[in-house]
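*Asks:* 47 is the number that full-length UniProt numbering gives to position 47 of the sequence shown; each next residue is one higher, with no gaps.
Have a look at this one.
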Amino acid sequence: MEMALTGRKVSAEEAKEWGFVNEVVDAADQVVKRAIEIAELIAANSPDAVVVSREGIKLGWEGVGAEDGSRLLVDTWSKRLYEGENIKEGLRAFVEKRKPKWVDSKL
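Written as structure tokens, this is what we have:
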């Protein structure tokens with residue numbers, strides 16, 4: 001509340017300590033490089049999984065409890081997720097011990 005009411009600036013370390021940011025890099029010129037590394041990790045996942053994960057996060061931001069949020073995700077996304085091409089590709093890739101070749105999400 002103090003920060004919101006006073007407009008006090010906080011350091012990167014303080015922002016991390018408070019959970020506002022996940023990580024702090026050592027120098028400003030590392031920010032874009034690290035952001036790209038994280039984006040590549042996300043992009044390596046199934047696009048469908050990313051869509052559903054974002055929806056779950058959004059429900060959390062909207063104040064939906066864990067139980068209700070889980071139920072909403074299952075009710076809203078499960079059938080479409082489990083009938084999609086990406087889950088099939090992910091399972092095939094796992095069995096064949098190879099990297100999956102994801103398709104654009106249809107969710």
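Heads up, the beta-carbon is just placed ideally off N, CA and C, and yes, glycines get one too.
Using the Cα positions of Lys-79 and Ser-70, report the straight-line distance between them to the nearest angstrom.
*Replies:* One C-alpha to the other measures close to 14 Å.
*Asks:* Which of helix, strand or coil does DSSP assign to Glu-14?
*Replies:* helix
*Asks:* Check whether the segment 41 to 57 touches the segment 15 to 26, counting contact only when three or more Cβ pairs, one atom from each stretch, lie closer than 8 Å.
*Replies:* no
*Asks:* In its own chain, which residues sit with a C-beta less than 6 Å from the C-beta of Ala-12, not counting the 5 before and 5 after it?
*Replies:* Val-24
*Asks:* Helix or strand or just coil, what does DSSP make of Leu-107?
*Replies:* coil
*Asks:* Asp-26 by DSSP, collapsed to three states: which one?
*Replies:* coil
*Asks:* Might you give, ordered along the chain, the residues of its own chain that have their beta carbon closer than 8 Å to the beta carbon of Gly-84, omitting 5 neighbours on each side?
*Replies:* Asp-48, Ser-105, Lys-106 and Leu-107
*Asks:* Find the nearest neighbour of Ile-87 within the set Asp-68, Asp-75, Lys-101 and Lys-97, judged by alpha-carbon distance.
*Replies:* Taking each of Asp-68, Asp-75, Lys-101 and Lys-97 in turn and checking the Cα distance to Ile-87, the smallest one comes out for Lys-101.
*Asks:* Under the three-state reduction of DSSP, which class applies to Ala-49: helix, strand or coil?
*Replies:* helix
*Asks:* Starting from Trp-77 and walking both ways along the alpha helix (DSSP H), at which residues does that stretch end?
*Replies:* Trp-77 -> alpha helix (DSSP H) spans 66 to 83.
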